[in-house]
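Here is the structure we will look at.
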Amino acid sequence: MLKNLEISAIVRPYSLSAYQNGYALIMEDFGGVSLQEYTRTNTLDLRQILCFAIQLADILDGLYREGVIHKDIKPANILIHPEKSQIKLIDFSIACVLARENSRNSESQCFRRDFSVFVTGTNGTDESGD
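Residues in the sequence shown are numbered consecutively from 28, following the working numbering.
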């Protein structure tokens, strides 16, 4: 599903590979931290809050236009890059793709996937994450 989305503010998947008894989803290394973690040690000022809120609204608008419902928007699933004042949305494991109204098959495609996620850093090493 993610590879078909044309939204630059979601972390891009690179590949899905068999790993041990499951799968590993290899994703883009955005270089940010979760909003949840960032706000533990930093206070956002009004300008930052508005900047991130506008970006999140744009991301949600893009998902809406693509017929995708994320279903798990929370600070842990919003990555921020403080130096760039940029955010990206992650964790589409319980997302739904809604059927188009004019489609003959009007069933929604909702799914849940459990993945071990490994992010390949720019130095070529693997970093394990959730």
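Note that beta-carbon positions come from the ideal geometry of N, C-alpha and C, so glycine has one too.
- Per DSSP, Q113 is one residue of the beta strand (DSSP E) stretching across 113–116.
- Using a Cβ distance threshold of 8 Å, I105 and C123 do not count as a contacting pair.
- For A45, the beta-bridge partners assigned by DSSP are Y50.
- A check of alpha carbon separations from L77 across I114, Q63, Y46 identifies I114 as the nearest.
- About 14 Å separates the beta carbons of Y46 and M54, which is beyond the 8 Å limit, so they are not a contact pair.
- Per DSSP, I107 lies in no alpha helix (DSSP H); the unbroken beta strand (DSSP E) holding it starts and ends at 105–108.
- In this structure Y91 is exposed. Its beta-carbon is surrounded by fewer than 16 other beta-carbon atoms within 10 angstroms.
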